[in-house]
Structure formats: structure tokens, C-alpha cells
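Worksheet for the structure shown next.
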Amino acid sequence: MGEDYPELKKIERAYRLLEARLERAPVTLHAGRAIRTAHELAMGLTDIRHDASLGSTLALAQDTYEEARVAKVARSFAPKR
Numbered sequence: 001m002g003e004d005y006p007e008l009k010k011i012e013r014a015y016r017l018l019e020a021r022l023e024r025a026p027v028t029l030h031a032g033r034a035i036r037t038a039h040e041l042a043m044g045l046t047d048i049r050h051d052a053s054l055g056s057t058l059a060l061a062q063d064t065y066e067e068a069r070v071a072k073v074a075r076s077f078a079p080k081r
């Protein structure tokens with residue numbers, strides 16, 4: 001799981017950005033249906049986040065990443081002799 005930590009961090013950041021946009025959406029939206037949809041989507045994302053335990057998964061991946069000291073290794077594809 002440690003090698004997936006950088007990707008999980010990106011997912012967490014994208015989630016936070018989406019969450020922030022949904023919080024601002026009702027201020028800029030005019031149609032009642034659009035405002036309700038933004039609220040429902042925000043609540044749905046919160047439920048999904050808690051059900052999927054993304055926070056604990058991210059913490060576990062970070063611990064594993066730091067413990068294993070995961071580092072990307074570049075492979076050389078030079079022809080064999």
C-alpha cells in the first residue's frame with residue numbers, strides 16, 4: 001500500500017478541491033434545483049468519504065510509505081550482451 005501513497009494523496013487533494021467548490025456553489029448558483037443538487041452531491045461525497053474510510057486508508061498508506069521508504073527505481077532497458 002505504501003507505493004500507492006502518492007496517488008492517494010492526489011485523490012485526497014482532488015476531493016478537498018471538489019468539496020470546497022461545492023461549498024461555494026450555492027452562492028453562485030441561481031436555480032433552486034441546481035442549489036439542491038449541489039447540496040445533495042456535497043452530502044453524498046461526505047457519506048462516501050466516511051463509508052470508504054479514505055482518511056484511515058490514507059493514514060495507513062502514509063505509515064507504510066514512510067516505514068518502507070518507498071522510492072521509485074528507474075529501469076535501464078539497455079540491450080543485453
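The opening position of the sequence shown corresponds to residue 1 in this note's numbering, with each subsequent residue numbered one higher.
Quick reminder that beta carbons are idealized off the backbone N, C-alpha and C, glycines included.
Computed from a predicted model, the values in this text were never measured in an experiment.
Shown here for Tyr15: same chain residues with a beta carbon closer than 8 Å to its own, the five before and five after excluded, namely Leu45, Arg49, Leu54 in chain order. A Cβ-Cβ distance of about 7 Å is found for the pair Ala42 and Glu23, placing them in contact under the 8 Å criterion. Taking every protein chain shown into account, the CB of Ala61 has 16 or more other CB atoms within 10 angstroms, so this residue is buried. The beta carbon of Ala25 sits closer than 6 Å to those of Ala38, all from its chain and outside the five residues before and after it, given in chain order. DSSP places Leu29 in no alpha helix (DSSP H); its state is neither H nor E.
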